[in-house]
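S.K.: Could you have a look at this structure, given as structure tokens, before my questions?
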Amino acid sequence: MSQSGKKVIVVGAGVHGISAAKTFKDFGYQVTVYERQSDLGGVWAPENHWPGMRTPPQLDVEYPVPAANVYAYLRAYAEEQGVAPLMKFQTDVVKAVPVYAKEAGGDAGPPTGWALHLRHQPSGREFTDACDVLIVAVGLYNKPNIPQYPGLDAFKAGGGQVLHTQQLWAALKKLPDCAAAGVGLGALVAGKRVVVVGNGKSGDDVTHLIADSGAAKSVTQICRSRTWVVPRFFPGGLHFKYPLCTRLGCALLKPLHPPVWPFSWLHSLLAWGNWRMVEAQIKMVQPLAQIKAVPRDAIERSIQGAVHIEPGSPGNTLFKMVADGRITQVDGEFGGFGAGVAQLASGATLEADLVILATGYDRSISFLPPEITGKILGPKGELDMYLKIYPQEVGGSSLFITGWDVGLYPPLEADLASRWAVEMVEGRIKVTPDQMRAYNKHLHDWADANFTPSTALDIKRGFAHSFSIDHMDDMLYSMGGNWRSLTWGEYLTLYTAPISAGLYGKAMAAIKTK
């Protein structure tokens, strides 16, 4: 364990912030966590998610866990691990200024620390703090993407309402008699013509919840492009996590580190057959042909950051609601508003009283200076960071961004990223900057060669759904972790069962800390 006395500041108290604080604390660092919200949990915190949000079903549980339970777990974990007392809430990071040392090359070298300017929201008091290591763990869901569509004033003047999915809880609590916990979306949409813009995870979840409530006059969902939505169960009752979310199943994805020929040819052949079978099974479960919702691209080429599980219970799923007329799906680009209508870019109109924008979130690290962010973010949001957590062009070991490397297993990815940051700070990562640049180039070239343009861009922006296991293993191996301590039974579990954090814990125990 390190006794360096170095100070670490973590910005954000979501899953990745909690993990970073716990990991650095365990290694003997002085840790402070600043969070702009009034509570920990990030997207899982009360009022910071859409009603009905649950855990990703690829986790090793049979039924997705409600957000309130996840929040309770995170709070209990933070308290048990001694992280909760380190957190300062309702505090904005106004700016973070890099500190340079003469012996490290001055301002021509990498930062050796950070000076933070902060503001306490309730009092407006401004103050400063400083650290040797800055962990930016603001996540992907801290700034709703709310495009400025034309015609909004006319729509509102006619009594229309527009909400982002993140704003739904706040809107519910403003309704009479709806402040109590457990009130569903039905109270907000009762008797209204509802249009949901977007068919990613939040769009599908909210559309299903509204239709399932039976309270809305009509429910219409605008789908910009059709993507594969995975059913919870395949034919025969097989849970999707076994064929798709095990190491063996993921081995048939496009490999980031492909085997040599002729094994590469054999892998491609087996993978092609596997994914055609998966597509056929999805079509057996979902009425995609009937509702004209079959995606254009092959599933293995289009595993985007928005990949998700079809909401609903058997017999009451999203696509079955579309098939029986409870939901109307419209293909096209959302164009704006008019009096009493939502408009498509094509000019078509949809009658609407309430429009819900499931338009995602923007990344925001505006507190970092432009000369730093310019070395991290590309013009389309591409990340120039090794393993999507370390900005090698900034250099040094004082800045890490966790939570932007989003894959299928965020809690495990958070723990791996946090430990990787510790290893880098303590000088045990032996990957050179040139090797990091070569890795990034390989990743981006691989994305362009094997995926649709939109999926390739998602990969460059940090979404690791299409190579989650490769991503986690690359973090593990670069730290010196390995699987040598596993028994034969554990090896079998490693490949055939859903991902186990416990097995990764055994592999991480091999990391040498001296």
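Residue 106 in UniProt numbering sits at position 106 of the sequence shown, with consecutive numbering throughout. In this text, a Cβ means the ideal position worked out from N, Cα and C, and glycines have one as well.
1. Given this structure, state the Cα-to-Cα distance separating ASP405 from GLY158, to the nearest angstrom.
2. From VAL394 to PHE467, what distance separates their C-alpha atoms?
3. For VAL164, which residues of its own chain have a beta-carbon under 6 Å away from its beta-carbon, when the five flanking residues on both sides are left out?
4. Taking the beta strand (DSSP E) that VAL99 falls in, what are its first and last residues?
5. Does DSSP put LYS320 in a helix, in a strand, or in coil?
6. Considering only the beta carbon of each residue, do GLN167 and VAL196 sit closer than 8 Å?
7. So ILE511 is in the beta strand (DSSP E); what residue range does that whole segment cover?
8. Examine the Cβ distances between the stretch 310 to 325 and the stretch 121 to 136 and report whether three or more of them are shorter than 8 Å.
9. Report yes if the C-beta distance between THR455 and SER218 is below 8 Å; otherwise report no.
10. Going by C-alpha to C-alpha distance, which of ALA280, GLU300, PRO259 and ILE327 sits closest to residue 515?
11. Under 6 Å Cβ to Cβ from ALA342, same chain only, skipping five residues before and after it: list those, please.
12. From this set, LEU134, ASP92 and ILE135, which residue's C-alpha is nearest SER123's C-alpha?
13. Going by C-alpha distance, which of GLN286, ILE469, VAL189 and LEU253 is nearest ILE210?
14. Within this structure, are the beta carbons of SER485 and ALA509 separated by less than 8 Å?
15. Considering PHE24, what are the terminal residues of the alpha helix (DSSP H) in which it resides?
16. State buried or exposed for ASP205, treating a residue as buried only when at least 16 other CB atoms are found within 10 Å of its CB.
17. With a threshold of 8 Å, are at least 3 pairs of Cβ atoms found where one atom belongs to the stretch 74 to 90 and the other to the stretch 14 to 28?
18. Report the option in LYS6, THR112, TYR34 and ASN142 whose CA atom is closest to the CA atom of TRP44.
19. Smallest Cα separation from SER225: which of TYR100, ASN199, HIS208 and LEU248?
20. Starting from TRP483, trace the alpha helix (DSSP H) in both directions and tell me its first and last residue.
21. Which stretch, first to last residue, makes up the beta strand (DSSP E) that contains VAL194?
22. Closest to LYS156 by C-alpha separation, out of LEU116, GLY340 and SER38, would be which residue?
23. Output the boundary residues of the alpha helix (DSSP H) element that contains LEU175.
24. Find the nearest neighbour of PHE233 within the set PRO311, ARG247, LEU185 and CYS223, judged by alpha-carbon distance.
25. Assuming LYS6 contacts ASP212 (C-beta within less than 8 Å), just tell me the rounded distance between them.
26. Going along the chain, which residues of its own chain have a beta-carbon closer than 7 Å to the beta-carbon of THR496, five neighbours each way excluded?
27. Once you ignore the five residues that flank THR493 on each side, which residues in its own chain have a CB closer than 8 Å to its CB?
28. Taking C-beta to C-beta, are VAL94 and HIS117 nearer than 8 Å?
29. Using three-state DSSP, classify VAL61 as helix, strand or coil.
30. Can you tell me the Cα-Cα spacing of ALA115 and LEU368, whole angstroms?
31. What did DSSP end up calling PHE263 once you bin it into helix, strand or coil?
32. Smallest Cα separation from GLU490: which of ALA507, MET475 and GLN286?
33. Let me know the alpha helix (DSSP H) ranges lying completely inside the stretch 362 to 423, each 4 residues or longer, listed in chain order.
34. Considering only the beta carbon of each residue, do ILE282 and PRO231 sit closer than 8 Å?
35. Considering only the beta carbon of each residue, do ALA464 and GLY407 sit closer than 8 Å?
36. The alpha helix (DSSP H) that contains VAL229, what's its start and end?
M.R.: In short:
1. 42 Å
2. Here the C-alpha atom of VAL394 lies approximately 26 Å from the C-alpha atom of PHE467.
3. In the sequence under discussion, the amino acid at residue 164 is His, which differs from the Val named in the question. Excluding sequence neighbours, HIS164 sits near PRO144, ILE146 and LEU357.
4. 91 to 99
5. In the three-state reduction of the DSSP assignment, LYS320 falls in the helix class.
6. no
7. No beta strand (DSSP E) contains ILE511, which DSSP labels as neither H nor E.
8. no
9. No, the Cβ-Cβ distance between THR455 and SER218 is not below 8 Å.
10. No answer is possible for residue 515: it lies beyond the span of the chain, which begins at 1 and ends at 514.
11. VAL195, LEU350, ALA352 and VAL355
12. ASP92
13. VAL189
14. yes
15. 15 to 26
16. buried
17. Inter-segment contact for the stretch 74 to 90 and the stretch 14 to 28 is present: three or more beta-carbon pairs are separated by less than 8 Å.
18. ASN142
19. ASN199
20. It is not in any alpha helix (DSSP H) - TRP483 carries neither H nor E in the DSSP assignment.
21. 193 to 197
22. Minimum Cα distance to LYS156 is reached at GLY340.
23. It is not in any alpha helix (DSSP H) - LEU175 carries neither H nor E in the DSSP assignment.
24. Relative to the Cα of PHE233, the nearest Cα in the group PRO311, ARG247, LEU185 and CYS223 belongs to PRO311.
25. Between ASP212 and LYS6 the Cβ distance is about 51 Å, and since that is not below 8 Å, they are no contact.
26. THR246 and LEU248
27. SER500 and LEU503
28. yes
29. Note that VAL61 scores a pLDDT of 44, beneath 50, so its modelled location is shaky; the value from the coordinates is reported in the next line. In the structure shown, VAL61 falls within a coil segment according to DSSP collapsed to helix, strand and coil.
30. ALA115 and LEU368 have their alpha carbons spaced roughly 11 Å apart.
31. Correct three-state label for PHE263: helix.
32. ALA507
33. 370 to 373
34. yes
35. Contact flag set, yes.
36. That residue, VAL229, is in no alpha helix (DSSP H); it is neither H nor E in DSSP.
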